[in-house]
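Visitor: This note's numbering applies: residue 50 is where the sequence shown begins, and numbers increase by one.
Structure in structure tokens, see below.
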Amino acid sequence: MTHRVSVRPSGVELEVLDGEDLFTAAQRLGYRWPTVCGGKGTCRTCFVRVEEGAENCSPVGPLEREGIESLRRPVDGSTRLACRLRVEGPVTVTKSGVRRRVQE
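Structure follows, in structure tokens:
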């Protein structure tokens, strides 16, 4: 089963697999997602703002909580790390810099 995630402002629509995090889904589908650590949850560069569908998002785990707190954001579900965020239904997020990878 897949779940649709809309990414603003780019207009990218991702089909995220059950159990797959948002960052990994974007990579699998050929999108570049801003990161430094490559999805390990340590750089916090991949953070997103959840605009709609927070009820369809996985709970915040300890590593993600630490990352959100280091960004000086509330741990209320509005800010999430894409490399830790799993979805169970439609979600809309805001993240600048998400775009198709250029094929060489």
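Each residue gets a CB set at the ideal place from its N, CA and C atoms; glycine is no exception.
Helix, strand or coil for Glu137, going by three-state DSSP, please let me know.
Guide: coil
Visitor: For Glu64, count neighbouring C-beta atoms within 10 Å of its own C-beta (all shown protein chains included) and say buried if the count is 16 or more, exposed if not.
Guide: exposed
Visitor: Could you tell me which residues DSSP pairs with Arg77 in its beta bridges?
Guide: According to DSSP, which records beta bridges pairwise, Arg77 is partnered with nothing at all.
Visitor: Since Ser55 and Arg93 are thought to touch, with beta carbons under 8 Å apart, how far apart are those beta carbons, to the nearest angstrom?
Guide: The pair is not a contact, with the Cβ atoms about 22 Å apart (cut-off 8 Å).
Visitor: Can you tell which of Thr141, Met50 and His52 has its C-alpha closest to the C-alpha of Arg98?
Guide: Thr141
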